[in-house]
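Below you'll find the structure, written out as structure tokens, and then a few comments.
Residue numbers (our numbering), protein chains in the order written: chain D, 85 to 330; chain S, 85 to 330.
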């Protein structure tokens with residue numbers, strides 16, 4: 085049996101969150117039933133993804149490549165990275181996947197899962213929230229273009245900026261506080277509301293910080309909440325030991 | 085600056101729990117402020133610790149040594165293992181620490197912290213709960229013997245067996261359910277009660293599953309709750325980047 089590799093540190097909690105979700109999706113009654121897993125959490129070599137995409141910051145691709153290499157040398161055969169923004173083509177195209185390692189693309193896995201929600205003859209609307217890096221570089225759009233039955237809906241600029249601020253604000257942002265303030269909770273729920281009102285069947289919480297707002301909830305105002313980290317966790321288990329997938 | 089290594093997989097959630105506590109004890113307003121960290125979660129090569137100590141099972145030491153080697157080759161300079169039972173002398177004496185790596189002993193760190201609770205002229209009573217492996221092999225006792233101001237209090241056999249069962253029972257145990265049932269909650273709180281009634285100033289929750297019962301609580305019935313994983317997390321940050329310790 086192979087082993088799972090996780091490029092974490094982007095941010096640190098997103099890495100452990102992905103690992104925890106792998107454990108949760110594994111059939112196990114004792115420690116030894118779990119799949120071997122390795123995690124690198126190296127923020128010192130992976131600069132901010134949004135900073136690179138929108139503000140001319142350093143490229144995170146070399147650091148991600150280094151982490152994948154370390155994971156492969158530990159023994160990881162299937163790997164993923166629990167950061168939406170890191171999947172932008174501008175970053176991912178420069179990431180080197182070690183020989184013999186399968187890299188699972190979180191955005192591709194999420195789109196595949198979203199496609200299973202399609203019913204009827206009209207296109208199914210799927211909403212998207214994320215950082216401005218994720219939204220403006222069209223990370224999700226490029227994969228959605230392959231699914232003609234789906235329509236990706238992104239809120240207007242002011243809502244997107246408010247959502248981005250909820251993640252990055254140095255005073256009340258989720259990254260700074262490592263928790264969700266009442267203010268952030270209200271803004272994010274308002275953004276999901278906006279998408280649900282426009283007929284979105286599901287909303288992709290396209291930044292690893294956003295699912296923290298909806299801990300334990302699977303829908304909000306009728307819209308299904310899609311957590312890409314959870315979807316990637318399932319895909320990692322499926323690719324490594326399909327018989328163990330819950 | 086060095087990097088932190090965590091031997092996880094014992095059990096899997098204990099590893100990510102230790103990593104999360106490292107992040108929580110690090111002064112950081114952005115991802116890049118965090119310390120680099122590597123985690124191995126390899127239950128396939130680390131047999132059950134209690135099974136080895138009490139039932140003649142395979143020795144977990146070689147697997148732990150392999151994990152430390154992998155962590156060192158990734159770049160970890162300071163390492164720890166978030167499993168109380170793995171610190172029994174019968175296991176730890178056969179673990180090889182790679183050259184140049186500092187291994188922090190969670191039990192030693194916990195005893196040092198417990199010693200800071202001593203006041204007055206009488207010995208300060210500190211209670212202990214854990215697996216039967218941890219209790220019967222005297223893992224904590226050997227370190228407490230160095231602190232003449234402290235007295236380690238262990239509940240009687242039937243309470244210890246009930247606590248062990250709360251961790252390991254295949255139907256309602258925390259390892260099997262990955263959560264705390266009402267039954268388990270009642271038994272563990274009852275055991276802390278017993279220790280508090282005997283005058284324990286603090287109770288060591290000496291198995292990584294036990295702090296899950298008291299999420300967000302710092303005391304119970306007047307006894308301070310000591311989480312060795314949390315104490316180890318602080319020690320790992322202090323040893324790697326003391327200026328970042330919260």
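Every residue, glycine too, gets a C-beta built ideally from N, C-alpha and C.
Min CB distance residue i to chain D below 9 Å
i	result
residue 243 of chain S	no
residue 108 of chain S	yes
residue 38 of chain S	No answer is possible for residue 38 of chain S: it lies beyond the span of chain S, which begins at 85 and ends at 330.
residue 173 of chain S	no
residue 118 of chain S	yes
residue 314 of chain S	no
residue 249 of chain S	no
residue 149 of chain S	no
residue 99 of chain S	yes
Cβ pair residue i, residue j closer than 9 Å
i	j	result
residue 315 of chain D	residue 185 of chain D	no
residue 250 of chain D	residue 287 of chain D	no
residue 318 of chain S	residue 111 of chain S	no
residue 95 of chain S	residue 292 of chain S	yes
residue 213 of chain S	residue 275 of chain S	yes
residue 194 of chain D	residue 134 of chain D	no
residue 330 of chain D	residue 109 of chain D	yes
residue 91 of chain D	residue 152 of chain D	yes
residue 210 of chain S	residue 188 of chain S	no
residue 156 of chain D	residue 89 of chain D	yes
residue 106 of chain D	residue 320 of chain D	yes
residue 285 of chain S	residue 304 of chain S	no
residue 173 of chain S	residue 221 of chain S	yes
residue 166 of chain D	residue 102 of chain D	yes
residue 279 of chain D	residue 239 of chain D	yes
residue 120 of chain D	residue 93 of chain S	yes
residue 224 of chain D	residue 199 of chain D	no
residue 123 of chain D	residue 123 of chain S	yes
residue 227 of chain S	residue 197 of chain S	no
residue 141 of chain D	residue 131 of chain D	yes
residue 181 of chain S	residue 150 of chain S	no
Reduced DSSP category for residue i - H, G, I as helix; E, B as strand; rest coil
i	result
residue 359 of chain D	No information on residue 359 of chain D is available, as it lies outside the stretch 85 to 330 that chain D covers here.
residue 148 of chain D	helix
residue 192 of chain D	helix
residue 274 of chain D	helix
residue 307 of chain S	strand
residue 50 of chain D	This structure gives no information on residue 50 of chain D, because the portion of chain D shown stretches from 85 to 330.
residue 135 of chain D	helix
residue 287 of chain S	strand
residue 186 of chain S	strand
residue 103 of chain S	helix
residue 299 of chain S	coil
residue 330 of chain S	coil
residue 324 of chain D	helix
residue 235 of chain S	strand
residue 165 of chain S	strand
residue 268 of chain D	helix
residue 181 of chain S	coil
residue 217 of chain D	helix
residue 176 of chain S	helix
residue 279 of chain S	helix
Residue burial classification, residue i (beta-carbon count within 10 angstroms, cutoff 16)
i	result
residue 118 of chain S	buried
residue 127 of chain D	buried
residue 115 of chain S	buried
residue 263 of chain D	exposed
residue 259 of chain S	buried
residue 154 of chain S	buried
residue 247 of chain S	buried
residue 290 of chain D	buried
residue 350 of chain S	Given a span of 85 to 330 for chain S in the structure shown, any question on residue 350 of chain S remains unanswerable.
residue 297 of chain D	buried
residue 113 of chain D	exposed
residue 257 of chain D	buried
residue 324 of chain D	buried
is_contact[residue i, chain S] using C-beta, thresh 9 Å
i	result
residue 85 of chain D	yes
residue 113 of chain D	yes
residue 94 of chain D	yes
residue 267 of chain D	no
residue 122 of chain D	yes
residue 158 of chain D	yes
residue 125 of chain D	yes
residue 166 of chain D	no
residue 258 of chain D	no
Contact belief for residue i with residue j at Cβ below 8 Å, rounded distance in angstroms
i	j	result
residue 97 of chain D	residue 125 of chain S	That belief does not hold up - the Cβ atoms of residue 97 of chain D and residue 125 of chain S are roughly 17 Å apart, past 8 Å.
residue 86 of chain D	residue 161 of chain D	3 Å
residue 233 of chain S	residue 202 of chain S	4 Å
residue 216 of chain S	residue 245 of chain S	7 Å
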